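Engineer: Shown below is the structure under consideration.
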Amino acid sequence: MRVKHTLEKESTTERDIMSKFHKLSISAKENIKNFRQRPNLACMRNNWSFSFSLLVLLLLSLSLKPAMAQPSRPRIGAPVAKQTVAMGDVHFAGAPLVQNFSKTFYQAGNQNWSASYGPDGRMYFANSDGLLSFDGQHWDLNTMPRKILVRGVAVGREGEIYTGGFGQFGVWERNAFGLLVYRSLSDQLTEADKVNDEIWKIYVDDEQVLFQSFSAIYTYKNGKLSVLKTKDPFLFLYQVNGRYLVEIISKGLFEFKDGKLAKLLDKQFYGNSIILSILPFTSNALLIGTAKSGLFIFENGEARPWINEANLALRQYQLNNGLKVLGNQYAFGTILNGVYILDQAGKLIQHINKSNGLQNNTVLSLQSDAFQNIWVGLDNGIDRIEINSPIYYFDDRAGILGTVYTSKIYKGKLYIGTNQGLYYSNWPANNNRFDFRLVEGSQGQVWELYTLGDELLCGHNNGTFRVENERPQWLSTVTGGYTLHALQGKSDSLIQGTYTGLALFKRSNNRWTFDRKLGNFNEPVQYLEQISNNRFWVSGYKGLYAVQLNNEATLVRHQKKYTEDDGLPQSPYVNVFSIAGRVVFATDSGFYLHDEIADHFHAYTQLNERLGTFANANKVMPAAGGKYWFIRKGHLALVGFGDGGKVHIDSTGFTVLNNRMLSFYENVNLLTPNLSLVSLDDGFALYRKVTGSPQQQIAPPIIQKVEDIADSTAKPIAFYQSSEIILEAKQNNIRITFALPYFSTNTIQFQYQLEGNSKNWSAWSSITQKEFTNLSPGKYIFRVRANVNGYVTSVSALSFEISAPWYRSSLAWIAYALLFLLLLYGVRRYYLYKLKRHREEVQQKMLHEQEERLQKEMFENEQRLFRMKNSQLEKELASKNRELANSAMNIVYKNELLNNVHDELLQLKDGDGRRLSSDQLKRISKIIDDARSDERDWNLFEESFNEAHENFFKKLKANYPELVPNDLKLCAYLRMNMSSKEIASLLNITTRGVEIRRYRLRKKLNLGHDQNLTEFLMDV
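Just add 1200 to the spot in the sequence shown (first one is 1) and you have the working numbering.
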C-alpha cells in the first residue's frame, strides 16, 4: 500500500537508468553532461582520481548492460511476505504500508544519499540541498557551507551529527536555542591533506569518527584528525560488527584498523565486481553485496556465493546498498527496481518498488529506526516502509479483483469473493506473489464463502455453488446467497439467507445438497441468528423479522415484523448479530436488546456507554481470541470484552483503513487463528495478530523550540540542555513547539499542562505547539505527553521561570522596604505633627467657640439692648408722633378757634345792636391773623417732626430743591396723613387751596397720575 504525499514522475530511458546509478560514483562533469548529479572532475586534482572516475564509469557501464539487455519485469500482482511471529507460523502476505514524502512535502532537494537515526528519535538525511531532519511532525533543512550537496551523514551517541560533502566535512551540534550549528572539522587539515573530492561514508563509534572519500579515510579522534591515503582509490567504507572494511577498487577488500589497512580478500573471489553492501550474517560470517555478481558469504577468510531467490534480480537491477532488519532479514536497495527483502535462508519475502508503494525505483540509501521502519532515501524523495506493521496490503489498483466482499483459505488456496466473481491464488503464494485467477463460471457478485468439513460453498448473486478443483458446482439457483449458518442441533442442515427469503441445505452422502426454499416468507435476509430449534431472527434492507419454522422445517409457520411501535428506533438499518452468545440488534441509535416476555425492544445501555462512538456500529463479526470486529460506516475497531464488564476498544490502530471499505458491506474474515483479511474497495488488508506492546518502546515527546511571541516576529529562547531557564518579565508570551519521534500514518495526539498556570491537562489534540500569553512572574513546569494507538507515553517536562519586572526585583523590594520604613517614620512624624496640630486646633476651636459664644452672647445682648432701644425709640417716636399729632391738632384747634373767634367778632354787636367799628375789627383781626401766622407753632412742629421723621425735609430739599417752605409744610402734613380740611386749617387756606397746592406739589415731585402722593411721602 502506498500513502501518497506527492508522486514524482520517473524517467525510464537508458540515459536516466545509467545516470541514477552513476550518481554513486565520481564522474567527469565536463565529459558527461547528460548525467544528473555527480562529483566534479575539475575538483579532482590528482591524476589517479581522473583515472579512477573513468574506471568506475567503465565498470558501471559494463554492469548496466545486462539490465538494459534484459528489461524483464515481474508479473502483475503484489508481492507476498512470509514471517514467523511469536504466536507460531503465520503465512503473512501482501505489501507493507509505504509512506511517501516528496520533495515538495519536506521542502528540500530530491536526492537523499544517506540516512541516520539519532538517539533523540529524529531521522537525518544527507540531502542534495543540505542536512534534512524529521522528528515525526516537522521537517527541517540546514545547509552546509557554500550550500554544498551532502553525501554522508551519521549521528553520534550524544546526538551530534556528522556530515560530509565535496571538499568539506564537520559536525552539527545544537545550540542553546535547540538549533543545529555547523562546525567544520576539515578546516583542521593541512594544505596537503585537504579534501579534494566528496565524503561518501561516515561512521561513528565510541572512540572515533571516520570520514571516507574515494581518495582518503579521515579519522577524527580526541579532537584531532589523521589521514590515510593510498595510491589506489577506495570505493566505499563499511562498519560491520565493530570492524571497518573498505574496498580498494583495483585490489580487493581490506580491513581498516588503527590507521592501517590489512587485506582480507582479492576481487576475483567476489566476482571481480564492486562491493556496495556488507552486512553481518552470522556470528562469524558477513554478507557481501556486489554490483553485478550478486551476494556472497564471507567466512573464515573465504567468500562463496549465497544462493537466494533474489540473486538474479539484484544483479539485473543493480544492487546499490543493504540493511539488516528485524534481526535476521536483509533489505537490499537497487538502482532500477526498488527494495528486495530476504530472510536468512535466502527466501524472498518482500519486493517493494514503484508498482506497490515507492515513489521511484532508484534507492540511494537505506536506514532503520527504533521501530524497525525502513527509511528509503530515493533519487526523488523519501519513503518509510512499515516492515514491522501488523497490517499488510494487496493493492488492486489495476482492478483485477474489483471490490472485495469475502475471503477464505481452502486447500492451499486463498479464495477472494468480489463483485466481479470468485478469485483464487496459492497459499502460501508461489514465488512470493499472489497470482489471482478467476474461477471460471463464477462471474458476478459473490456474497459469502463458507467452509464446513472439506467443502467450500459460495453464496453468489445467481445462487449457491460448491468449489471443486477451481470450478463451480452449482447447488442452488435461489438468487442472492447472502449468508449461511449451521442449524443448532442439526449437523446435517444449513440455513441460508437470500434475496427472496430462506433456503435449506442438507448433508447427503457426505456432500452438501440443496433441499428446498422455505415457503411463506419472501423477504431479503442479509443477517440471520438462531434463537431456538425453529425460531430465528432475520434482517435485511426491508426490516427485522422474527420467524418460526414448522416442525418439518419446510416452511415459515409464523412471522412478525418489528418496527418503531415495538421499541426500535428510527434507523436506516436493523442488523442482528450474536455477541458472546447473546443476540443484539445494531441500529443507527446504538445496540438494542429484545425482551422476550414483553416482546419489546430496549436500548442496550451498558454496552452502548462502553463502546463510545462504536455504539452505532452497523456490523459485528467475530475475531480471534474471543474478540469482535465492530464496523461503523467504514471505520474499524477490534473490541475485547473482559471480566467485570470491561471493554477494550482498539480503533486507532486501524485508522489507516478508515473509509476504504464499501459502506454497509464491510467484511473481515478470519483466515487463520492469527490472520484476518479486511475487505477494501481496491484490494484487501491482512491483519496479523501480534503479542506484546511495542508502543511501550516509544520515547516521550521532544520539545523542539521555545519562542518569544510578544512581537510580530517570533524570537527563539535559549532552553536546550539548560538546567535553569530564566526569562525576562517582558518574555511572558511564549510558544512551545513539541513533537513525538514516532513515525506512523496514525494520528498522534498530544496533551499538555503548564504547572503554575493550570492544574488540569489539556484535551487531546494533534496540534504540535502551544502558545501561552500574559504569564505572570513565577516558576512554571511545562509537561507534554503523547497518545499513540491508545498508548500514552511518559511525560517530557521543561521548567522555566519568568522574572519579575524591575519594580518587583529583590533590590526593588529592599528599596520598597526602606521606603516603607521611611514612610512609616514619616507617617509617625506626620501623625505626631497632626496630633499636635489637632490639639492646637482643638484648643483654638475651643477658644474660638468660646469667643463665638461670648460674641454671640454680646451680640444677643446688643440685640436685646438694640431691641430695647428700638422699642424705646419706637415708644419715643410714637410719643413724638402723638405729641406731633397733638401739636398739629392743637394748632388746628387753635386756628379753628381763632377762626371761630374771628367769625364771631364779625358778628359781634354792641349794646345798641351795632356792629363793631372797622378799626376795632381790624385791630382784633390783625391780632387773630398774627396769631394764626405765628411761626413759633410751625417751628415747634417742624422740630418735633424732624425728630420723629429724621431728615425728612433735608431729603426732600436734596431731591427736590424747587420746593418752597409752604410745599414742605404741605409735605409734612400729608406724611402725617392729615385731611385736606385739617391742612387747610393749619395753612390758613381754604380746602380748595389745599387741593391746588397738592396738584402743584405733585408736579414738582414729578409724580404720575397713578401714584398716591401721601404714600410717596410716607416712603421718603
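We treat Cβ as the ideally placed atom computed from N, Cα and C, and that holds for glycine.
Computed from a predicted model, the values in this text were never measured in an experiment.
Could you compute how far the alpha carbon of residue 2205 sits from the alpha carbon of residue 2101?
Structural biologist: Cα to Cα, residue 2205 sits roughly 37 Å from residue 2101.
Engineer: Check whether the Cβ atoms of residue 1383 and residue 1920 lie closer than 7 Å to each other.
Structural biologist: Going by C-beta atoms, residue 1383 is not nearer than 7 Å to residue 1920.
Engineer: Measuring CA to CA, which of 1879, 1983, 1971 is closest to residue 1960?
Structural biologist: Ranking 1879, 1983, 1971 by Cα distance to residue 1960 puts 1983 first.
Engineer: Hey, how far is the Cα of residue 1210 from the Cα of residue 1555?
Structural biologist: Caution applies to residue 1210, whose pLDDT of 37 falls short of 50 and renders its modelled position unreliable; the value that the coordinates give is listed next. Roughly 12 Å separates the two Cα atoms.
Engineer: Rounded to whole angstroms, what's the CA-CA distance from residue 1412 to residue 1436? Just pull it up for me.
Structural biologist: Using only the alpha carbons, I get a separation of about 7 Å.
Engineer: Is it buried or exposed for residue 1534, if we count other Cβ within 10 angstroms and need 16 for buried?
Structural biologist: When all chains shown are included, residue 1534 counts as buried.
Engineer: Just to confirm my understanding: we take residue 1926, look at its own chain, exclude 5 residues before and 5 after, and list those with CB closer than 7 Å. What are they?
Structural biologist: Cβ neighbours of residue 1926 beyond the five flanking positions: 2001, 2003.
Engineer: Where does the unbroken alpha helix (DSSP H) through residue 1806 begin, and where does it stop?
Structural biologist: Note, residue 1806: alpha helix (DSSP H), 1805-1811.
Engineer: Since residue 1844 contacts residue 1800 with CB under 8 Å, what's their CB separation in whole angstroms?
Structural biologist: Contact doesn't hold; Cβ gap of about 28 Å is too wide.
Engineer: Output the distance between the C-alpha atoms of residue 1321 and residue 1737, rounded to the nearest integer angstrom.
Structural biologist: Distance between the alpha carbons of residue 1321 and residue 1737: 54 Å.
Engineer: Once the 5 residues before and after residue 2008 are set aside, which same chain residues still bring their CB inside 7 Å of it?
Structural biologist: Taken in chain order, the residues that qualify are 1977.
Engineer: Which of the three DSSP states is assigned to residue 1771 in this structure?
Structural biologist: Coil at residue 1771, not helix or strand.
Engineer: Locate the alpha helix (DSSP H) running through residue 2193, then write down its first and last residues.
Structural biologist: Unbroken alpha helix (DSSP H) run through residue 2193: 2191-2204.
Engineer: Report back the beta-carbon spacing between residue 1476 and residue 1521 to the nearest angstrom; my notes put them in contact at under 8 Å.
Structural biologist: Indeed they touch by this definition, with Cβ atoms about 6 Å apart.
Engineer: Applying the criterion that 16 or more other CB atoms from any shown protein chain within 10 Å of the CB defines a buried residue, is residue 2210 buried or exposed?
Structural biologist: Exposed, since its Cβ has fewer than 16 Cβ neighbours within 10 Å.
Engineer: Name the DSSP bridge partner or partners of residue 1455?
Structural biologist: Residue 1455 is bridged to 1445, 1462.
Engineer: Residue 2220 to residue 2065, Cα distance in whole Å?
Structural biologist: Going by the C-alpha atoms only, they are around 27 Å apart.
Engineer: Alpha carbon to alpha carbon, what distance is there between residue 2129 and residue 2122?
Structural biologist: One C-alpha to the other measures close to 10 Å.
Engineer: With residue 1787 as the anchor, note down where its alpha helix (DSSP H) starts and where it stops.
Structural biologist: It is not in any alpha helix (DSSP H) - residue 1787 instead sits in the beta strand (DSSP E) that spans 1782-1787.
Engineer: Taking residue 1904 as part of the alpha helix (DSSP H), name the residues at either end of that continuous run.
Structural biologist: It is not in any alpha helix (DSSP H) - residue 1904 instead sits in the beta strand (DSSP E) that spans 1902-1908.
Engineer: Less than 6 Å between C-beta atoms, sequence neighbours within five positions excluded: which residues of the same chain meet that for residue 1544?
Structural biologist: Within the same chain, residue 1544 has close Cβ partners 1528.
Engineer: Is the region 1902-1913 touching the region 1860-1880, taking contact as three or more C-beta pairs under 8 Å?
Structural biologist: The region 1902-1913 vs the region 1860-1880: no contact.
Engineer: For residue 1621 and residue 1644, which I take to be in contact (beta-carbon distance under 8 Å), what is that distance rounded to the nearest angstrom?
Structural biologist: Yes, residue 1621 and residue 1644 are in contact; Cβ-Cβ is about 6 Å, under 8 Å.
Engineer: Are three or more beta carbon pairs between the region 1385-1393 and the region 1418-1428 nearer than 8 Å?
Structural biologist: Taking 8 Å as the limit for Cβ pairs, the verdict is that the region 1418-1428 does touch the region 1385-1393.
Engineer: Could you tell me if residue 1797 is buried or exposed, where buried requires 16 or more neighbouring beta carbons within 10 angstroms of its beta carbon?
Structural biologist: Under this definition residue 1797 is an exposed residue.
Engineer: Answer yes or no: do residue 1826 and residue 1863 have a C-beta to C-beta separation smaller than 7 Å?
Structural biologist: For residue 1826 and residue 1863, no; Cβs fall outside 7 Å.
Engineer: Can you look up residue 2071 in the DSSP assignment and give me helix, strand or coil?
Structural biologist: Residue 2071: helix per DSSP, three-state reduction.
Engineer: Just verifying my parser: in three-state terms, what is the DSSP assignment at residue 1821?
Structural biologist: Residue state, collapsed to three classes: strand.
Engineer: Reducing DSSP to helix, strand and coil, say where residue 2118 ends up.
Structural biologist: Here residue 2118 sits in helix by DSSP.
Engineer: Near residue 1450, which residues of its chain fall below 6 Å by C-beta distance, leaving aside the five closest residues on each side in sequence?
Structural biologist: These residues qualify, in order along the chain: 1432.
Engineer: Assuming residue 1779 contacts residue 1828 (C-beta within less than 8 Å), just tell me the rounded distance between them.
Structural biologist: Their Cβ separation, rounded to whole angstroms, is 6 Å, which keeps residue 1779 and residue 1828 in contact under 8 Å.
Engineer: Applying the criterion that 16 or more other CB atoms from any shown protein chain within 10 Å of the CB defines a buried residue, is residue 1417 buried or exposed?
Structural biologist: Flag for residue 1417 reads buried.
Engineer: Which stretch, first to last residue, makes up the beta strand (DSSP E) that contains residue 1610?
Structural biologist: Note, residue 1610: beta strand (DSSP E), 1604-1610.
Engineer: Looking only at C-alpha atoms, which of 1338, 1405, 1397 sits nearest to residue 1362?
Structural biologist: That would be 1405, whose Cα lies nearest to the Cα of residue 1362.
Engineer: Please report the straight-line C-alpha distance between residue 2175 and residue 2040, rounded to a whole angstrom.
Structural biologist: Near 60 Å, if we compare the C-alpha coordinates of residue 2040 and residue 2175.
Engineer: Can you give the Cα-Cα distance for residue 2172 and residue 2145, rounded to whole angstroms?
Structural biologist: Going by the C-alpha atoms only, they are around 8 Å apart.
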